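Q: Under the UniProt record's numbering, the first residue of the sequence shown is numbered 1, with each subsequent residue one higher. Built from N, CA and C at the ideal position, the CB exists for glycine as well. Computed from a predicted structure; not experimentally measured. For reference, the structure I am asking about is given below.
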Amino acid sequence: MPRWSCISALFVPLVACIVALFLFGNPPARIISSAATPFAPPSPAVAMSSIRRTAPMVFTPSGRHTATVIFIHGLGDSGHGWADAVQHWQGRNNLNHVKFILPHAPAIPITMNGGFQMSGWFDIKSIDALSHLAGGATPDEDEQGIELSRQYIYSLVRDEVAAGIPSERIVVGGFSQGGAMSIYAGLTAPAPIKLGGIVGLSSWLLLNRIFKDRVPADSLNRDTPVFMGHGDRDPLVLYPLAQASERKLTELGYKISFKTYPGMQHSACIEELSDVEAFLQTRLPPQDK
């Protein structure tokens, strides 16, 4: 069985593992380590404004390139963490026309990791803040970090459009923190960006209390299909949070396809990857020459 058949929780370094152990009683099934380095001043805001980015991993299609998927990893991971999944999708020969882009988050100070740096798209104050969101409380969210990552995602989309791929032939997706960014950035994208679809795995709706106000009046993505997949045993991004996010988006009129994976924790299983592949086939069908 491929080693990614149960892709681990991507809340990663030892400190984060200890936090998860304290809050939930046991750590994620498999911890993928990444080096954590001490962070001292400047402040997180200053650090986020001066971040350096590494060029994404790119998987070119075996056939004529007519569509692109930008898939965004979770906290503490890198684009490399999803390379096996992409190779699996490509090996099944159903997406031979699709280019895959796996961006890498910069190293930033993460509050729930004791202020140590790890790869992340925005700061998370605590895992507990996510459970509060499920109950309707307003979490302390890193709006600046979210906005910086949002703009970076748009830059990747615009690069593809400039290379000749219409935005309607681009799907933005991700896992955990990356999935949350995909949902938020995709549904708040300004015109003329009109995406082909959005994927959020083990993720949630960012800035839920003010989300509606962040959607541009000229948004072209009010009818863009969104696939959300979540394990009902997720100890980190709690299942009720995913359910609450789906309800909120549905109430706002968005087209959400939500699938539950019984027994799955903060992971991605083969069944879910197959469901994502089917979604991509539907949203990005091959085009005639």
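So, is residue 295 buried or exposed, given that buried needs 16 or more other C-beta atoms within 10 angstroms?
A: Nothing in the structure corresponds to residue 295, since the chain is present only between 1 and 289.
Q: Helix, strand or coil: which one does DSSP assign to serine 78?
A: The residue labelled residue 78 in the question sits at position 78 within the sequence shown. Note: serine 78 maps to coil in three-state DSSP.
Q: DSSP state of alanine 217, grouped into three classes?
A: Against the sequence shown, residue 217 aligns to sequence position 217. Of the three classes helix, strand and coil, the one that applies to alanine 217 here is coil, per DSSP.
Q: Report yes or no: do the stretch 200-214 and the stretch 181-189 share at least 3 C-beta pairs separated by less than 8 Å?
A: A contact is defined here as three or more CB-CB pairs under 8 Å, and the stretch 200-214 meets this definition with respect to the stretch 181-189.
Q: So, at 8 Å on beta carbons, what are the nonlocal neighbours of arginine 150 in its own chain, with the 5 sequence-adjacent residues on each side left out?
A: Walking along the sequence shown from the start, residue 150 turns up at place 150. Hits under 8 Å: Met181, Tyr184, Ala185, Thr188.
Q: Where does the unbroken alpha helix (DSSP H) through phenylalanine 279 begin, and where does it stop?
A: Here the question's residue 279 lines up with position 279 in the sequence shown. First-last of the alpha helix (DSSP H) with phenylalanine 279: 270-283.
Q: Count the C-beta pairs between the stretch 89-99 and the stretch 54-70 that are closer than 8 Å, then say yes if the count reaches three, no if not.
A: yes
Q: Out of His65, Ile270, Thr54, Tyr152, which has the shortest C-alpha to C-alpha gap to proline 166?
A: Along the sequence shown, one-based indexing puts residue 166 at 166. Taking only the C-alpha atoms, the option nearest proline 166 is His65.
Q: In whole angstroms, what is the alpha-carbon distance linking arginine 283 and threonine 54?
A: Residue 283 sits at position 283 when you count from the first residue of the sequence shown. Residue 54 sits at position 54 when you count from the first residue of the sequence shown. Computed Cα separation, rounded: 29 Å.
Q: What residues match up with glycine 173 in a beta bridge as DSSP calls it?
A: Residue 173 sits at position 173 when you count from the first residue of the sequence shown. According to DSSP, residue pairing for glycine 173 in a beta bridge involves Phe71, Val199.
Q: So, with DSSP's three-state summary, where would you put leucine 236?
A: Locating residue 236 in the sequence shown gives position 236, counting from the first residue. Leucine 236: coil per DSSP, three-state reduction.
Q: What is the rounded straight-line gap between the Cα of glycine 174 and the Cα of valine 69?
A: Taking the sequence shown and counting its residues from 1, the one referred to as residue 174 is at position 174. Taking the sequence shown and counting its residues from 1, the one referred to as residue 69 is at position 69. Using only the alpha carbons, I get a separation of about 10 Å.
Q: Find out if the Cβ-Cβ distance for the pair isoleucine 146, leucine 75 is shorter than 8 Å.
A: Within the sequence shown, the letter at position 146 stands for residue 146. Within the sequence shown, the letter at position 75 stands for residue 75. No, these two residues do not count as a Cβ contact at 8 Å.
Q: Nearest-angstrom Cα distance between lysine 259 and aspartate 232?
A: If you number the sequence shown from 1, residue 259 lands on position 259. If you number the sequence shown from 1, residue 232 lands on position 232. Distance between the alpha carbons of lysine 259 and aspartate 232: 10 Å.
Q: On a Cα-Cα basis, can you pick out the residue from Leu201, Pro240, Pro190 that is closest to serine 219?
A: Within the sequence shown, residue 219 is the residue found at index 219, counting from 1. If we check each option's Cα against that of serine 219, Pro190 comes out closest.
Q: Specify, as a first and last residue, the run of the alpha helix (DSSP H) that isoleucine 153 falls within.
A: Counted from its first residue, the sequence shown places residue 153 at position 153. Per DSSP, the continuous alpha helix (DSSP H) segment holding isoleucine 153 begins and ends at 143-162.
Q: Can you tell me the Cβ-Cβ gap for phenylalanine 227 and serine 257, rounded? I've got them flagged as a contact below 8 Å.
A: In the sequence shown, the residue the question calls residue 227 occupies position 227. In the sequence shown, the residue the question calls residue 257 occupies position 257. Taking the Cβ atoms as the reference, phenylalanine 227 lies roughly 5 Å from serine 257, within the contact range of under 8 Å.
Q: In the DSSP assignment, the alpha helix (DSSP H) including glutamine 87 goes from what residue to what residue?
A: As a position in the sequence shown, residue 87 is number 87, starting the count at 1. Where glutamine 87 is concerned, the enclosing alpha helix (DSSP H) stretches over 83-91.
Q: Drop a sphere of 10 angstroms on the beta-carbon of proline 285, count the other beta-carbons inside from all chains shown, and report buried for 16 or more, exposed for fewer.
A: The count along the sequence shown starts at 1 and reaches residue 285 at position 285. Per the 10 Å Cβ criterion, exposed.
Q: Assuming glutamine 117 is part of the beta strand (DSSP E), what are its boundary residues?
A: In the sequence shown, the residue the question calls residue 117 occupies position 117. Segment 117-119, the beta strand (DSSP E) holding glutamine 117.
Q: Let me know the secondary structure DSSP gives methionine 228 once reduced to three states.
A: Your numbering for residue 228 matches position 228 in the sequence shown. Strand at methionine 228.
Q: Can you pull the DSSP bridge partners for serine 257?
A: Walking along the sequence shown from the start, residue 257 turns up at place 257. For serine 257, which the question treats as bridged, DSSP gives the partners Phe227.
Q: Which word fits asparagine 221, buried or exposed, when buried means at least 16 other C-beta atoms lie within 10 angstroms of its C-beta?
A: Walking along the sequence shown from the start, residue 221 turns up at place 221. Under a 10 Å Cβ-count criterion, asparagine 221 is classified as buried, with 16 or more other Cβ atoms of the shown protein chains found around its own Cβ.
Q: Measure from the alpha carbon of glycine 263 to the alpha carbon of each residue in His230, Pro240, Asp77, then state which is nearest.
A: Sequence index remark: in the sequence shown, residue 263 carries index 263 (1-based). Between glycine 263 and the set His230, Pro240, Asp77, the nearest pair of CA atoms involves His230.
Q: Looking at the secondary structure, which residues open and close the beta strand (DSSP E) in which proline 109 lies?
A: Within the sequence shown, numbered from 1, the residue matching residue 109 stands at position 109. 107-109 is the extent of the beta strand (DSSP E) around proline 109.
Q: Can the beta-carbon of valine 171 be found closer than 8 Å to that of valine 199?
A: Position 171 of the sequence shown, counting from 1, holds the residue named residue 171. Position 199 of the sequence shown, counting from 1, holds the residue named residue 199. In this structure, valine 199 lies closer than 8 Å to valine 171 by Cβ.
Q: Which same chain residues end up closer than 8 Å to leucine 156 when comparing Cβ atoms and leaving out the 5 residues on each side of it in sequence?
A: Locating residue 156 in the sequence shown gives position 156, where the first residue counts as 1. Cβ neighbours of leucine 156 beyond the five flanking positions: Pro56, Ile70, Ile101, Pro103.
Q: Please report the Cβ distance between isoleucine 108 and glutamine 117, rounded to the nearest whole angstrom; I am assuming they are in contact, meaning their Cβ atoms lie under 8 Å.
A: For the purposes of this step, residue 108 is taken as the residue at position 108 of the sequence shown. For the purposes of this step, residue 117 is taken as the residue at position 117 of the sequence shown. The pair is a contact, with the Cβ atoms about 6 Å apart (cut-off 8 Å).
Q: For histidine 80, count neighbouring C-beta atoms within 10 Å of its own C-beta (all shown protein chains included) and say buried if the count is 16 or more, exposed if not.
A: Position 80 of the sequence shown, counted from the start, is the residue given in the question as residue 80. Exposed, by the Cβ-count rule.
Q: May I ask you to report which of helix, strand or coil DSSP gives phenylalanine 100?
A: On the sequence shown, position 100 is the one that residue 100 refers to. If DSSP states are grouped into helix, strand and coil, phenylalanine 100 belongs with the strands.
Q: Can you give me the C-alpha to C-alpha distance between glycine 178 and aspartate 288, rounded to a whole angstrom?
A: Here residue 178 refers to the residue found at position 178 when the sequence shown is read from its first residue. Here residue 288 refers to the residue found at position 288 when the sequence shown is read from its first residue. Computed Cα separation, rounded: 32 Å.
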